[in-house]
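Each residue of the sequence shown is one higher than the last, beginning at 103 in my numbering.
Note that the Cβ used here is the ideal one computed from N, Cα and C, for glycine as well.
Read through the structure below, which is laid out as structure tokens, and then see the notes.
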Amino acid sequence: MRTTPNTRSTTMAFDPFGEPVAEGVANACPTASGDRTARRVGGAVFWTLALAILAGRVYAYDMPAVESVASYAAQVVALR
């Protein structure tokens, strides 16, 4: 039995669910670095805003338990 090497170079493209997609669909989707950069900048802006809102809510929260924990933490920091 004679085996011949595969001379066709095929690259498979998959959708987010792991299913293979047709070559025409795969070529239609842009894979530019600008998309990647925009996604990273958008993610950084989102998480910065989310953490800022969370910090503001923690700072403005009026519960005696939070105040006692904060005063205890301040005492521990002052002892060091």
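Considering only residues of the same chain and omitting the five flanking positions on each side of residue i, which have a CB-CB separation below 8 Å?
i    : result
V123 : A115, F116 and D117
V127 : A115
Could you give the DSSP three-state label for residue i: helix, strand or coil?
i    : result
A154 : helix
D164 : coil
Q177 : helix
R159 : helix
R182 : coil
I'd like the span of the alpha helix (DSSP H) that includes residue i, first residue to last.
i    : result
P118 : Unbroken run through P118: none, as it is neither H nor E.
Can you give me the Cβ contacts of residue i inside the same chain, cut-off strictly under 6 Å, excluding the 5 residues immediately before and after it?
i    : result
V171 : none
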